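In case it helps, the working numbering puts the sequence shown at residues 51 to 134.
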Amino acid sequence: MSMQEYEIINDGKEDETCLRKYQKRCMLDMHQRLSFGPQYGYLSELETGEQFLETIEKERKTTTIIVHIYEDGLKGCDLLNNSL
Numbered sequence: 051m052s053m054q055e056y057e058i059i060n061d062g063k064e065d066e067t068c069l070r071k072y073q074k075r076c077m078l079d080m081h082q083r084l085s086f087g088p089q090y091g092y093l094s095e096l097e098t099g100e101q102f103l104e105t106i107e108k109e110r111k112t113t114t115i116i117v118h119i120y121e122d123g124l125k126g127c128d129l130l131n132n133s134l
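Written out as structure tokens, the structure is:
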């Protein structure tokens with residue numbers, strides 16, 4: 051096999067490898083940019099509006115807070131509760 055034939059056969063494979071490496075690097079970079087700030091990952095069940103206000107006021111302004119207001123016995127609420 052000549053060098054020219056080798057380059058023709060392997061050119062696509064090398065391009066694919068480079069593309070995969072570039073894609074992986076871009077994904078890692080994007081993940082790092084989107085993962086700023088602390089991640090705590092805890093669940094608090096609050097009974098009153100006052101507890102809610104106290105809880106969110108204690109957190110840093112850059113902390114994302116997700117609120118799930120639910121009612122027992124509703125299928126959608128039960129499904130989400132089981133995943134938390």
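Every residue, glycine too, gets a C-beta built ideally from N, C-alpha and C. All of these numbers come straight from a predicted model, not from anything done at the bench.
Taking 4 residues as the minimum length, the alpha helix (DSSP H) runs contained wholly in the region 81-111 are 99-108, in order along the chain. Nearest to I115 by C-alpha distance, out of S133, T105, L124, is T105. Relative to the Cα of V117, the nearest Cα in the group S133, L129, R83, F102 belongs to F102. The continuous alpha helix (DSSP H) containing D128 extends over residues 125-133. Spanning the alpha carbons of N131 and S94 requires a straight line of approximately 12 Å. D122 carries a coil assignment under DSSP once its states are collapsed to helix, strand and coil. Here the C-alpha atom of L134 lies approximately 22 Å from the C-alpha atom of E107.
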